[in-house]
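Note that the sequence shown covers residues -13 to 315 in this note's numbering.
Glycine is no exception: its CB is placed at the ideal position from the N, C-alpha and C atoms.
Since the structure comes first, as structure tokens, the remarks are kept for the end.
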Amino acid sequence: MSETNKGNPIPALKEISILEMENVRIGSAQDEAAGTGVTVVLCGGKDGAPAGLDVRGGGPASRESELLKPMAAAQAIHAVLLSGGSAFGLDAAGGVMQYLEERGIGFDVGVTRVPLVCQSCLFDLTVGDSRVRPDRAMGYRACQNAGNYRDGCFGAGTGATVGKLLGMERCMKAGIGSYAVRLGELQVGALAAVNALGDILDPRTGKKVAGVLTPDRRRLEAPAPITGYQVVENKFVGNTTLGVVMTNARFDKAQLCKIAGMAHDGYARCIRPVHTTADGDSIYALSLGDVRADQDVVGALAADVMSEAILRAVSAATSAYGFPAAGSL
């Protein structure tokens, strides 16, 4: 149904599946026993897709992020890979490059095509087997699985947890989530692998939906005000929320960096605290089509779909590795 404004139809905002997004394929692979995995976003065919990146966390593990700076020569990339394994997981991008090169996808350098693959990793080494990390074979397998994406404890969300401010013994299981909308011809969607240090709140109600548990691990601990300022030397117990915003609107790299920045509002609505020194919070933005759309409208929608994707990552998670999920409390 559409409303009217002086005789002009106003399209209704409609939820769609992330798998309905144009010119993109999403695949996952994981090692469930080890508690780690990868999610690959293959974008734009042989020519790739313009992309931007905004990193707000203080501890990112990333590959080829320099490509996405507006002054860098590359105007498109061919894949984004979200991965577990901390910096060890950066090896998985090699498998994505192999898969794409075999299919003639990449930047033409004469003797071959070099696929441009950007990657960000989250820290899940404290969840399953710390000696098993995403590797080249897992990255390749995720590409082969393109189209199998599911919300929950799959792909990069396999070992994701949230609410680690008081240590791993009181945190909860999370995962990867998605949300997408259509407004007329415009599509805007988001993926979020949620592995935050902080709690997760529903921005509509302000209610905490996942995070630090009570000492008996049966209920959610009430969000506590900051009452001290003692230095904690090592908060790296498993953090970082990784996001990808996708739209079929046409934007260049600089515009997409701004849209990625606006999408961080979705993080701030749901994650508290967010963008800490112990998180590697990063958001990619991809332009997958030629629809003419206002940059600020798309940025505002990007923040909305990102917050919904974060909530989906929590609600779709299942208890694993001794960590309860929201649905089990």
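Beta-bridge partners of Ala166, as assigned by DSSP = As a first step, residue 166 must be located in the sequence shown, where it is residue number 180. Bridge partners of Ala166: Ile2, Gly175.
Taking the DSSP output, what are the residues bridged to Arg99?
-> As a working mapping, residue 99 is identified with position 113 in the sequence shown. Paired residue(s): Asp94.
Thinking just about the alpha-carbon of each residue, which of Asp17, Thr22, Val167 is nearest to the one in Ile2?
-> In the sequence shown, residue 2 corresponds to position 16, counting from 1. Here the closest residue by C-alpha is Val167.
Those runs of the beta strand (DSSP E) which lie wholly inside the region 13 to 95 and span at least 3 residues | 22 to 29, 37 to 41, 47 to 49, 65 to 69
CA nearest to the CA of Ile257, picked from Tyr135, Glu155, Asp188 = Taking the first residue of the sequence shown as 1, we reach residue 257 at position 271. The shortest Cα separation from Ile257 among Tyr135, Glu155, Asp188 belongs to Asp188.
Report all residues from its chain with a CB closer than 6 Å to the CB of Leu206; omit the five preceding and five following residues, and keep chain order.
-> Translated into positions along the sequence shown, residue 206 becomes position 220. Cβ neighbours of Leu206 beyond the five flanking positions: Lys194.
Burial state of Glu52, where buried means 16 or more other Cβ atoms lie within 10 Å = Taking the first residue of the sequence shown as position 1, residue 52 is located at position 66. Flag for Glu52 reads exposed.
Spatial neighbours of Leu28 within its chain, please: CB distance less than 6 Å, with the 5 preceding and 5 following residues excluded, ordered by chain position.
-> Looking up residue 28 in the sequence shown gives position 42. Cβ neighbours of Leu28 beyond the five flanking positions: Arg11, Ala65, Ala132.
Gly38 to Gln61 span [Cα, whole Å] = For the purposes of this step, residue 38 is identified with residue 52 of the sequence shown, where counting begins at 1. For the purposes of this step, residue 61 is identified with residue 75 of the sequence shown, where counting begins at 1. Answer to the nearest angstrom: the Cα atoms are 10 Å apart.
Counting only the same chain and skipping the five closest in sequence on each side, list residues whose C-beta sits under 6 Å from that of Pro211.
-> Within the sequence shown, numbered from 1, the residue matching residue 211 stands at position 225. Reliability of the predicted coordinates at Pro211 is poor, the pLDDT of 48 falling under 50, and the value obtained from them is presented with this limitation in mind. Nothing listed; no residue qualifies.
For Val223, which of helix, strand or coil comes out of DSSP?
-> Locating residue 223 in the sequence shown gives position 237, where the first residue counts as 1. With a pLDDT of only 47 at Val223, under the threshold of 50, the placement of this residue in the model should not be trusted; the figure read from the coordinates follows. Here Val223 sits in coil by DSSP.
Ala142 to Thr22 span [Cα, whole Å] = The count along the sequence shown starts at 1 and reaches residue 142 at position 156. The count along the sequence shown starts at 1 and reaches residue 22 at position 36. Whole-angstrom Cα-Cα distance: 7 Å.
Would you kindly report the start and end of the unbroken beta strand (DSSP E) that includes Gly275?
-> The residue given as residue 275 occupies position 289 in the sequence shown. That run of the beta strand (DSSP E) goes 268 to 277.
Touch check for the region 93 to 101 and the region 119 to 130: three-plus C-beta pairs under 8 Å?
-> no
Using the Cα positions of Asp40 and Pro46, report the straight-line distance between them to the nearest angstrom.
-> For the purposes of this step, residue 40 is taken as the residue at position 54 of the sequence shown. For the purposes of this step, residue 46 is taken as the residue at position 60 of the sequence shown. Computed Cα separation, rounded: 11 Å.
Can you tell me the Cβ-Cβ gap for Leu68 and Thr25, rounded? I've got them flagged as a contact below 8 Å.
-> On the sequence shown, residue 68 is found 82 positions in, with the first residue counted as 1. On the sequence shown, residue 25 is found 39 positions in, with the first residue counted as 1. At roughly 5 Å, the Cβ-Cβ gap stays under 8 Å, so Leu68 and Thr25 are in contact.
Enumerate in chain order the residues of its own chain whose CB-to-CB distance from Ala249 is below 6 Å, with the five nearest sequence positions on each side excluded.
-> Position 263 of the sequence shown, counting from 1, holds the residue named residue 249. Same-chain partners within the cutoff: Val231, Ile269, Ala288, Ala289, Met292.
Which one of Ala78, Phe309, Glu294, Asp110 has the shortest CA to CA distance from Ile342?
-> Because the chain spans -13 through 315 in this model, residue 342 falls outside it and cannot be assessed.
For Glu171 and Leu274, the rounded distance between their alpha carbons = Here residue 274 is taken as the residue at index 288 of the sequence shown, counted from 1. Here residue 171 is taken as the residue at index 185 of the sequence shown, counted from 1. Approximately 13 Å between the Cα atoms of the pair.
Roughly how many angstroms separate the alpha carbons of Phe109 and Ser72, rounded to a whole number?
-> Your numbering for residue 109 matches position 123 in the sequence shown. Your numbering for residue 72 matches position 86 in the sequence shown. Cα-Cα distance, rounded: 4 Å.
Would you identify the three-state DSSP class for Leu287, choosing helix, strand or coil?
-> The residue given as residue 287 occupies position 301 in the sequence shown. Leu287: helix per DSSP, three-state reduction.
Whole-angstrom distance between Val113 and Ala279, CA atom to CA atom = Mapped onto the sequence shown, residue 279 falls at position 293. Mapped onto the sequence shown, residue 113 falls at position 127. Rounded to the nearest angstrom, the two C-alpha atoms are 42 Å apart.
Going straight from the alpha carbon of Ala254 to that of Thr262, what length do you get?
-> Here residue 254 refers to the residue found at position 268 of the sequence shown. Here residue 262 refers to the residue found at position 276 of the sequence shown. For Ala254 and Thr262, the distance between alpha carbons rounds to 11 Å.
Within its chain, find whatever has a CB closer than 6 Å to the CB of Arg49; leave out the 5 residues flanking it on each side and keep chain order.
-> Here residue 49 corresponds to residue number 63 of the sequence shown, with the count starting at 1. Hits under 6 Å: Leu76, Ala79, Gln105.
Three-way DSSP call (helix, strand, coil) for Gly138 in this model = Start at 1 with the first residue of the sequence shown, and residue 138 comes out as number 152. DSSP places Gly138 in strand when its eight states are reduced to three.
For Thr233, which beta-bridge partners are listed by DSSP?
-> Against the sequence shown, residue 233 aligns to sequence position 247. Note: Thr233 sits in a beta bridge opposite Val174, Ser273.
For Leu86, which residues from the same chain have a beta carbon less than 7 Å from its beta carbon, with the 5 sequence-adjacent residues on both sides left out?
-> To locate residue 86, count along the sequence shown from 1; it is residue 100. His64, Ala65, Gly92, Pro101, listed in sequence order.
Give the secondary structure of Asp280 by DSSP, where H, G and I count as helix, E and B as strand, and everything else as coil.
-> Translated into the one-based positions of the sequence shown, residue 280 becomes position 294. DSSP places Asp280 in coil when its eight states are reduced to three.
State yes or no: is the C-beta of Val300 within less than 8 Å of the C-beta of Ala196?
-> As a position in the sequence shown, residue 300 is number 314, starting the count at 1. As a position in the sequence shown, residue 196 is number 210, starting the count at 1. Yes, they are a contact pair.
DSSP state of Val198, grouped into three classes?
-> The residue you call residue 198 lines up with position 212 of the sequence shown. The answer is coil: DSSP assigns Val198 none of H, G, I, E or B.
Going by Cα to Cα distance, which pick from Val283, Leu177, Glu155, Arg42 is closest to Ala264?
-> Within the sequence shown, numbered from 1, the residue matching residue 264 stands at position 278. Per the Cα distances, Arg42.
Comparing alpha-carbon positions, which option in Lys150, Cys107, Leu169, Leu315 lies nearest Val198?
-> Within the sequence shown, numbered from 1, the residue matching residue 198 stands at position 212. Taking only the C-alpha atoms, the option nearest Val198 is Lys150.
Rounded to whole angstroms, what's the CA-CA distance from Pro(-3) to Leu169? Just pull it up for me.
-> For the purposes of this step, residue -3 is identified with residue 11 of the sequence shown, where counting begins at 1. For the purposes of this step, residue 169 is identified with residue 183 of the sequence shown, where counting begins at 1. If I take the Cα positions, the gap works out to 6 Å.
Looking only at its own chain, which residues have a Cβ that is under 6 Å from the Cβ of Gly34, when we skip the five neighbours before and after it?
-> For this step, residue 34 is matched to residue 48 along the sequence shown. So the qualifying residues of the chain are Ala62, Ile63, His64.
Can you give me the start and stop residues for the beta strand (DSSP E) that Asp185 sits inside?
-> In the sequence shown, the residue the question calls residue 185 occupies position 199. 185 to 188 is the extent of the beta strand (DSSP E) around Asp185.
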